[in-house]
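Engineer: Take a look at this one; I'll ask things after.
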Amino acid sequence: MSIRVRFAPSPTGDLHVGGARTALFNWLMARKHGGTFVLRVEDTDGARNTAEAAAGILKGMRWLGLDWDEGPDVGGDCGPYFQSQRKDLYDAYFKKLEDAGRVYAEHDGAMRFKFSRTAITVHDLVCGDVTFAPTEEPDMTIRRPDGSYIFHFVNVVDDIEMRISHVIRGEDHLSNTWKHIDLFNAFGATAPTYAHIPLILNPDGTKMSKRDEGSAIEHSYMNAGFLPDAVFNYLCMLGWTPKAESEKLSRTELTALFDADAIHSSNAKFDLKKAQWFNAQYLRELSPTELLNHAKPFLTAKGLAWTDDAMAAAAVHSVREKVSLLTELPEWAHYFFREDFPFEADVVTKLKAKPENAVLLKVASDQLTQAAEWTEQSVHDAVEAAAKALSVKPGAMMPLLRFALSGQSRGPGVTTIAHLIGKEKTQARIQRALSNVLGT
RNA sequence: GACCCCUUCGUCUAGCGGUUAGGACACAUCCCUUUCACGGAUGCGACACGAGUUCGAUUCUCGUAGGGGUCGCCA
3 MSIRVRFAPS PTGDLHVGGA RTALFNWLMA RKHGGTFVLR VEDTDGARNT
53 AEAAAGILKG MRWLGLDWDE GPDVGGDCGP YFQSQRKDLY DAYFKKLEDA
103 GRVYAEHDGA MRFKFSRTAI TVHDLVCGDV TFAPTEEPDM TIRRPDGSYI
153 FHFVNVVDDI EMRISHVIRG EDHLSNTWKH IDLFNAFGAT APTYAHIPLI
203 LNPDGTKMSK RDEGSAIEHS YMNAGFLPDA VFNYLCMLGW TPKAESEKLS
253 RTELTALFDA DAIHSSNAKF DLKKAQWFNA QYLRELSPTE LLNHAKPFLT
303 AKGLAWTDDA MAAAAVHSVR EKVSLLTELP EWAHYFFRED FPFEADVVTK
353 LKAKPENAVL LKVASDQLTQ AAEWTEQSVH DAVEAAAKAL SVKPGAMMPL
403 LRFALSGQSR GPGVTTIAHL IGKEKTQARI QRALSNVLGT
C-alpha cells in the first residue's frame, strides 16, 4: 500500500507554527517513504473562510519548502482539493448513510449521524491504543439545514476518496477520532493509521493562539528575518528527537531519520531563543551571495541600496556572526552602503575624549595614503606603521579608525571594513570624522 | 461535570530496572581578542507527589496533584 498523507488546513487565518509542524511531519512522512503529500483545503465554513487566508497558508508552506504533490495549483487525480467544490461527492456519501439508516433529521433540517455506540479503539502511532467506551454523547450533526456539510463528515469522506493511508494531525483531534472511525465503519471503509502529535504551547504553558508571539509563520518568521531551513529544523525538534548526534540537521537528514513512531506524546513549549539560535547557525553557513539574496528585502526596507552585488555580499557576510536574524543585518552593516551614516553618541564622546585622537587619525590617514595596494594586510600594515611612528599600540589606533569608518563602536575587524569600502572612502571618512566630529 | 492525552534541569530533550541521570538552548564565569561577536572551557540546574512490584526504581502498576485537549449546525 502506498503512503498517502495530507495536510488539511482550514483557511480561517494565517499559517501557524502548530499547523506548519503538522504539515512538516506529513511532508517528512511522504518524502521518507516515497509517498504522496496531498494538500486539501477544508473550506466548508463559508462564514469564516477567506481566499486571502488560503493564499497565505500556501505562501507559508512554499516558504518552508513544503511542496505538495496533489492539491491547489498542482492538481491531481483526487481533486478538486477545495472542499467547497466537492458537494456532489458529499451528497453521494450522505446518501449511503441515509440508505443504511444511519442519519436522521432534526426539526430544523439539520442531519445527524447515528453513532454505533460500541467501544472504539484508536490505534495511534504516537499514543498507542486508545479505547473509547460506548459514548453517551448526542449523535453528531454532519449536515447543516442549508445542505452544507460539517468537518467530521467531509474529513472522513475525503480521506476515503483521496485514499489517505496515514493521518498525522494535532492531538486536539484525538478525542474526536472515534467519531471518525465510526464513520469509516459506516461506509465500510478501513480507517487510516493515525498519529496524533503533541501540541505546541506558549512559553507559559497556555495554548498558542493566533495573537501569540512566535505563532504566525509569515509575521513571526518570514518577516522577522528567519531562514526557512532554520524554522524547518527547529519545528522538527518540538516533539520529535531524531536519533542523531546533532540537533542541527538538513532536510535530507531529517527526511532519512523521520519516524512517526518516535514522535513524543507530550506537549512542548515554544522557545523563541532556541529558534533564533538555529537561525544564527544557518545564517553563518550561507555563502556571501546566498546571504545577500536572503538579506535583500530587509536591506532595502531600511533604505539601503547598492550597485555592486559582490561588495554588498561581502559587506553582509562580514557581519554574519553578529546577528541571529536577517532583520538585524541593516543596523550592523548600514555604513557599508552609505556615506552619511550617523555616529553613535558614545562614539562621539570617545573620539572627543582625548585631544591626541585627532593626531592619531591624521597619522593613520597619512600611512594609509601611502599604501601601494589595498588589501586587508596592507591596511593592517599601514595602521601598524602609524602606531609605531607615534609610539602607541595598534590597539589604541584601531578603535578610533573604527569610529571614523563606521560611526559604530562594534563591528567587524577595522581592516575588513577599510578593505571593503576601499581606499578613497576610507580616506574620506577619516577626513569627515576629523572635521565634523573633532572639528579639526 | 464526563472522557482522552501528558508529567526528567527555566526550555527542548536522552534514558527504555542497577548511570557520578547525558546533551542542546538560555544564564554565569574564564580563555581567545583592536570592538562586538564567533569559538573553546567551566559552572548553574531536573526525575511532580504517594503507595506498591522488585534485591534494586527516573524507568513497571495504581492512586493523587498539576498541565493540556475534547465533549459545536468551528475545523
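Residue 3 is where the first sequence starts when you use the numbering used here, and the numbers rise one by one after that.
Where a beta carbon is used, it is the ideal one built from N, C-alpha and C, also for glycine.
A quick note: this is a predicted structure, and the numbers were derived from the prediction, not measured.
Would you check if the stretch 89-98 and the stretch 245-256 touch, i.e. whether three or more CB-CB distances between them fall below 8 Å?
Structural biologist: Because the criterion of three Cβ pairs below 8 Å is not met, the stretch 245-256 and the stretch 89-98 do not touch.
Engineer: Identify every residue that forms a DSSP beta bridge with Y106.
Structural biologist: R114.
Engineer: Measuring straight from C-alpha to C-alpha, what distance separates Q278 and D310?
Structural biologist: Rounded to the nearest angstrom, the two C-alpha atoms are 30 Å apart.
Engineer: With a CB to CB cut of under 6 Å and the five nearest residues on each side skipped, what residues in its chain are close to S444?
Structural biologist: For residue 444 there is no data in the structure shown, the boundaries of the chain being 3 and 442.
Engineer: Tell me the residue span of the alpha helix (DSSP H) that contains L41.
Structural biologist: Per DSSP, L41 belongs to no alpha helix (DSSP H); it is in the beta strand (DSSP E), 38-41.
Engineer: In its own chain, which residues sit with a C-beta less than 7 Å from the C-beta of K181, not counting the 5 before and 5 after it?
Structural biologist: Within the same chain, K181 has close Cβ partners M142, H154.
Engineer: Hey, would you say P136 sits closer than 7 Å to S167, going by beta carbons?
Structural biologist: Going by C-beta atoms, P136 is not nearer than 7 Å to S167.
Engineer: What is the residue span of the beta strand (DSSP E) that R6 lies within?
Structural biologist: Here the beta strand (DSSP E) through R6 covers 6-9.
Engineer: Beta-carbon within less than 8 Å of A373's beta-carbon, same chain only, minus the 5 sequence neighbours each way: which residues are those?
Structural biologist: Contacts found: S380, V381, D383, A384, K425.
Engineer: If you drop the 5 nearest sequence neighbours on each side, which residues of the same chain put their C-beta closer than 6 Å to that of T417?
Structural biologist: These residues qualify, in order along the chain: E378, V381, H382.
Engineer: Less than 8 Å between the CB atoms is what I'm expecting for A315 and P290, so what's the real figure, rounded?
Structural biologist: Rounded, the Cβ-Cβ distance is 4 Å, consistent with contact.
Engineer: Given a threshold of 16 other Cβ atoms within 10 Å of its Cβ, counted over all protein chains shown, does H221 qualify as buried or as exposed?
Structural biologist: With fewer than 16 Cβ atoms within 10 Å of its Cβ, H221 is classed as exposed.
Engineer: By DSSP, does Y83 sit in helix, in strand, or in coil?
Structural biologist: Coil.
Engineer: Would you mind reading off the limits of the alpha helix (DSSP H) that contains G130?
Structural biologist: No alpha helix (DSSP H) holds G130; the beta strand (DSSP E) holding it covers 130-134.
Engineer: Under 8 Å: do the stretch 188-206 and the stretch 125-132 share three or more Cβ pairs, one atom per stretch?
Structural biologist: Yes, the stretch 188-206 is in contact with the stretch 125-132.
Engineer: Between A384 and the ligand COA, is there a pair consisting of the residue's CB and a ligand heavy atom that are separated by less than 6 Å?
Structural biologist: With respect to the ligand COA, the structure shown offers nothing to examine, as it has no ligands at all.
Engineer: Can you check whether the CB of F405 is closer than 7 Å to the CB of L353?
Structural biologist: It is a contact, given that the beta carbons lie within the stated cut-off.
Engineer: Suppose you measure from the CA of L176 to the CA of I122; what does that come to, to the nearest Å?
Structural biologist: If you take the alpha carbons of L176 and I122, they lie about 12 Å apart.
Engineer: Can you give the Cα-Cα distance for A188 and R146, rounded to whole angstroms?
Structural biologist: Each residue's alpha carbon lies about 20 Å from the other.
Engineer: Taking only runs that begin and end inside the stretch 191-273, name each unbroken alpha helix (DSSP H) of 4 or more residues, in chain order.
Structural biologist: Here the runs fully enclosed are 230-238, 253-259.
Engineer: So, do the stretch 29-47 and the stretch 66-80 have three or more beta carbon pairs nearer to each other than 8 Å?
Structural biologist: The stretch 29-47 vs the stretch 66-80: in contact.
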